[in-house]
Every structure is written in structure tokens, then in C-alpha cells.
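> Have a look at this one.
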Amino acid sequence: MPQRHPQPIVTVDVVLLTLYKTELCAALARREREPFEGQWTLPGGWVHADEDEDALSAAGRILKTKAGLESPYLEQLQTFANRHRDPRGWSVSITYYALVPYEQVKGEQVQWRAVDSIRSLPFDHLNILRTAVSRVRSKTLYSSLPVHLMPKTFTLSELQRVYEQVLSSPLDKRSFRRRIEELDVVEVVPGAIESSGAHRPAQRYRLKKRFDGALAVADRNLGLKVG
1 MPQRHPQPIV TVDVVLLTLY KTELCAALAR REREPFEGQW TLPGGWVHAD EDEDALSAAG
61 RILKTKAGLE SPYLEQLQTF ANRHRDPRGW SVSITYYALV PYEQVKGEQV QWRAVDSIRS
121 LPFDHLNILR TAVSRVRSKT LYSSLPVHLM PKTFTLSELQ RVYEQVLSSP LDKRSFRRRI
181 EELDVVEVVP GAIESSGAHR PAQRYRLKKR FDGALAVADR NLGLKVG
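Right under this line is the structure:
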């Protein structure tokens, strides 16, 4: 008879990100049981083998149950696996990161904290968080990723500010607008012109339907000018 091997713990953890008061913030959920009962961690949970079709569906279920929302953008980050990350034993965490506009955040199921202010988390969640933030900031330089942090309609100036807030650095206006045009992810909202005092009226835009939940990527060699 083949020898039965102990099964590792298999979980899915999600780094849920939004922009709040100009800062990139992560959602933390309070643990309801040991280990680390009562402490704040990334939203996560066991894989439900009888319910989850795959890891992505598990991530979506966890977002709905732990944060009460569905993210418009959800991408696999990395697998974290070793014998030391969980005091209960050898464990595997399939991790995702998700972006959501703050206007879609509802209720008080999670606590939002600025990512750069978080200094410690249970398990290896601080490492997971920092890996996700690094990935998001890197992709922001050459992709449409921050568009998923925007409300339903926005001006190009508002979109540039969001890019700058994610990167914590100013961007060249002409370079930014050329990049958005190359990515071809937004479209004009007909008749939606915003007038604000002495400034010229600004056209409002929206995400093109085919990019809802998807990422547009441009040539890395055409990167945004930062600083």
C-alpha cells in the first residue's frame, strides 16, 4: 500500500487595494479564530474543494464574503509556500491582488490602511502585501492598471492624478496622455463636459467595455516619465 502523506494547508489570500484620500490603501480583515485570533490580516481563507471551481473562483468568493464586494480587476500574484509561514504546519497560499474604486467600498467588513504605513502582519502577509504593491506600481508604468481604481466616468486629469498617487511621483502630462491614447482603453462619454471655474471645460471619459476586468499593456520601452 502506498504511504499516505500529510496534506499541506491550502489557502487563497487577496491583496485588495483602493485609493483613499490620495493614498494607496489595502483592506485588512480581522481573524475570527486562532492562530492570531483578533488580529488584522489580508482577506483570505481555505480553498473549498467542494465549492470552488479553481483558485480564481475561491478568490472571488473570499472577496465577497470577507469584503462584501466583487472586484472589477483581479489577478494572480504569486504562490507562497513553505513550512514556516503558518504555525499550523506546511502551507500553500495562492495569492491574488484586486483593485476597486473607493466608491464601491461598502460597509465596515474590512479596515483600510495606507500600504506604506503597514509595518507588520500575521503569517507572511506583510511580504505578500509588499510583493503586490511592488507589482502594481511596476505595472502602472506601462499599463492601464490604475484605470480600475477610477469611478465610472472621469477626466484625463483625474486619471493622471490617480497614476501619480499610485506611483507617489508626478508624471509628464504630454507623455501620460500619449500613453493613454496608445493603450486605447478609455472612450469619450458623449455630452459629458465638466466645467470648473476659470479652467477650460474638461471632457469626461469611461473605461471601454472590452477592458472591464482586463489589463491593457503597452510597449515597456515607451514608459511614462516619472518625476
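Oh and the sequence shown: position 65 is 65 in this note's numbering, straight run, nothing missing. All C-beta atoms in this analysis are idealised placements derived from N, C-alpha and C, irrespective of residue type, glycine included.
1) Cα-Cα, which of V166, A218, E182 is closest to T22?
2) Are V105 and L69 closer than 8 Å when you measure CB to CB?
3) Report the option in A98, R206, P6, S168 whose CA atom is closest to the CA atom of A59.
4) Taking its Cβ as the centre, do 16 or more other Cβ atoms sit within 10 Å of T7, making it buried, or is it exposed?
5) Pull up the CB-CB distance for P151 and E103, whole angstroms please, since I reckon it's below 8 Å.
6) Pick out whichever of D50, D52, F36 has its Cα sitting closest to the Cα of R85.
7) So does the region 133-149 actually touch the region 208-217, counting three or more Cβ pairs closer than 8 Å?
8) CA-CA distance, R161 and V188?
9) Please list the terminal residues of the continuous beta strand (DSSP E) segment that includes Y228.
10) Excluding the 5 residues flanking L222 on each side, which residues of the same chain have their C-beta closer than 6 Å to its C-beta?
11) Once DSSP output is grouped into helix, strand and coil, what is the label at A218?
12) How would you write the range of the alpha helix (DSSP H) that I128 sits in, first residue to last?
13) Could you compute how far the alpha carbon of T11 sits from the alpha carbon of A81?
14) Any chance the CB of V14 is under 7 Å from a heavy atom of the ligand MG?
15) Drop a sphere of 10 angstroms on the beta-carbon of R83, count the other beta-carbons inside from all chains shown, and report buried for 16 or more, exposed for fewer.
16) Can you check DSSP and say which residues form a bridge with A81?
17) In the region 15-81, which residue ranges form an unbroken beta strand (DSSP E) of at least 3 residues, counting only runs that do not cross its ends?
Taking the definition as stated:
1) Taking the first residue of the sequence shown as 1, we reach residue 22 at position 22. Minimum Cα distance to T22 is reached at V166.
2) Stepping through the sequence shown from its first residue, residue 105 is reached at position 105. Stepping through the sequence shown from its first residue, residue 69 is reached at position 69. Closer than 8 Å, so yes.
3) To locate residue 59, count along the sequence shown from 1; it is residue 59. When each option's Cα is compared against that of A59, the closest is A98.
4) Looking up residue 7 in the sequence shown gives position 7. Here the sequence assigns Gln to residue 7, which means Thr is not the residue at that position. Exposed, by the Cβ-count rule.
5) In the sequence shown, counting from the first residue as 1, residue 151 sits at position 151. In the sequence shown, counting from the first residue as 1, residue 103 sits at position 103. Correct: roughly 5 Å between the Cβ atoms.
6) Working through the sequence shown from its first residue, we reach residue 85 at position 85. The candidate whose alpha carbon is nearest that of R85 is F36.
7) yes
8) Against the sequence shown, residue 161 aligns to sequence position 161. Against the sequence shown, residue 188 aligns to sequence position 188. R161 and V188: Cα-Cα distance of roughly 18 Å.
9) What is shown of the chain runs 1 to 227, which leaves residue 228 out entirely.
10) As a working note, residue 222 is residue 222 in the sequence shown. Unreliable placement is indicated for L222, whose pLDDT of 42 sits below 50; the coordinate value is still reported in the next sentence. Counting only Cβ-Cβ distances below 6 Å, and skipping sequence neighbours, we find nothing.
11) For the purposes of this step, residue 218 is taken as residue 218 along the sequence shown, with counting starting at 1. Of the three classes helix, strand and coil, the one that applies to A218 here is coil, per DSSP.
12) Here residue 128 corresponds to residue number 128 of the sequence shown, with the count starting at 1. Looking at the DSSP string, the run of the alpha helix (DSSP H) that includes I128 is 125-140.
13) The sequence position of residue 11 within the sequence shown is 11, counting from 1. The sequence position of residue 81 within the sequence shown is 81, counting from 1. Each residue's alpha carbon lies about 10 Å from the other.
14) By its list of ligands, the structure shown contains no ligand whatsoever, and the ligand MG lies outside what it can speak to.
15) Numbered from 1 along the sequence shown, position 83 holds the residue referred to as residue 83. Exposed, by the Cβ-count rule.
16) Numbered from its first residue, the sequence shown carries residue 81 at position 81. Beta-bridge pairing links A81 to V92.
17) 23-30, 44-46
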